[in-house]
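K.L.:
Below are the structure tokens for one structure; questions will follow.
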Amino acid sequence: MVSEADCLFCKIVAGEIPAKIVHETDRTLAFRDVNPQAPTHVLVVPKDHYPDAAALAAADDGLADDVLKAAHAVAEQEGVAASGYRLVFNTGAEAGQTVPHVHGHVLGGRGLTWPPG
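In full-length UniProt numbering, the protein residues as written are 1 to 117.
Listed below in structure tokens is the structure:
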């Protein structure tokens with residue numbers, strides 16, 4: 001596993017920081033957001049460290065596909081796949097990314113307005 005020593009999400013993946021894990025694959029981990037913005041708010045991360053969605057896309061090894069599949073699996077497991085859910089990847093500080101480890105927010109369980117921010 002590629003990790004960053006001071007990365008919050010790498011520490012969660014390593015089991016050094018507790019989290020409410022809801023889904024796991026060989027390459028991804030999904031856990032509840034500590035500050036939920038919807039009844040369902042789960043973060044899906046690759047286990048290897050990539051700082052943002054651009055870096056994940058550049059990896060070109062199928063990992064982005066695995067993250068999307070894990071996000072959909074979470075939506076199904078949480079019971080929001082049929083009614084609708086939002087998948088958000090904030091990339092960069094101006095987009096609201098606060099942890100420099102790529103993560104998708106799976107949001108659902110209530111009506112979500114547009115635009116989001």
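Ideal Cβ positions, reconstructed from N, Cα and C, are used throughout, including at glycine.
Please state the DSSP three-state secondary structure of LEU112.
P.N.:
Residue state, collapsed to three classes: coil.
K.L.:
For GLY108 versus THR40, is the C-beta spacing smaller than 7 Å?
P.N.:
Against a cut-off of 7 Å, the Cβ pair of THR40 and GLY108 comes out as a contact.
K.L.:
What residue range is occupied by the uninterrupted beta strand (DSSP E) comprising VAL44?
P.N.:
Element bounds for VAL44: 40 to 46.
K.L.:
Taking 8 Å as the cut-off, does the region 14 to 23 touch the region 59 to 68 (at least 3 CB pairs, one atom from each stretch)?
P.N.:
Verdict: no, contact absent.
K.L.:
To the nearest angstrom, report how far apart VAL106 and SER3 are at their CA atoms.
P.N.:
For VAL106 and SER3, the distance between alpha carbons rounds to 23 Å.
K.L.:
Please report the straight-line C-alpha distance between PRO51 and SER83, rounded to a whole angstrom.
P.N.:
Each residue's alpha carbon lies about 31 Å from the other.
K.L.:
Which residues mark the beginning and the end of the beta strand (DSSP E) in which GLU4 is found?
P.N.:
Unbroken run through GLU4: none, as it is neither H nor E.
K.L.:
Hey, how far is the Cα of GLN37 from the Cα of LEU29?
P.N.:
About 19 Å.
K.L.:
To the nearest whole angstrom, what separates the beta carbons of HIS103 and CYS7, a pair I think is in contact under 8 Å?
P.N.:
About 11 Å; that fails the 8 Å criterion.
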